[in-house]
Amino acid sequence: MDYKKIKAPSEAVTKDVEAFSQGTNNIYETAVVLSKRANQIGLDIKEELNQKIEDFATPSDNLEEVFENREQIEIARFYEKLPKPTLLAVQEYLEGKIYFRNPAREENKK
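Numbering-wise (my numbering), the sequence shown opens with residue 84 and increments by one.
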């Protein structure tokens, strides 16, 4: 998923608690869903950043090359400005873009 296109706020904003409990009917279950999704997003972003930085890795870095690598600095700044994974997960949840299920609840229905 392209996290750069999600219109999530870059800082925490007060939200209505009722909006979070609509999908699961339990605010604590929603917190678990959001934390797991935020972990997934964080790992995806970290992998993407590491792949981009690998392009700049050279076996023999000297001090001058490290300080002159402006492209690497720009990439790092871009990723620093992205909304945090938790805020991205909250935005996805509120937009209904997260699929989740509770196997324990499904077993109780049988």
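For each residue, glycine too, the CB sits at the ideal point set by N, CA and C.
Terminal residues of the alpha helix (DSSP H) in which residue i lies
i	result
residue 164	153–164
residue 180	No alpha helix (DSSP H) holds residue 180; DSSP gives it neither H nor E.
residue 102	100–104
residue 119	110–137
Pair within 9 angstroms by beta-carbon distance, residue i and residue j
i	j	result
residue 166	residue 92	yes
residue 162	residue 120	no
residue 106	residue 183	yes
residue 132	residue 173	no
For residue j and residue i, believed in contact at Cβ under 8 angstroms, the rounded distance
i	j	result
residue 113	residue 104	6 angstroms
residue 158	residue 181	With 8 angstroms as the limit, residue 158 and residue 181 do not qualify as a contact, their Cβ atoms being about 28 angstroms apart.
residue 171	residue 110	Not a contact, Cβ separation roughly 20 angstroms.
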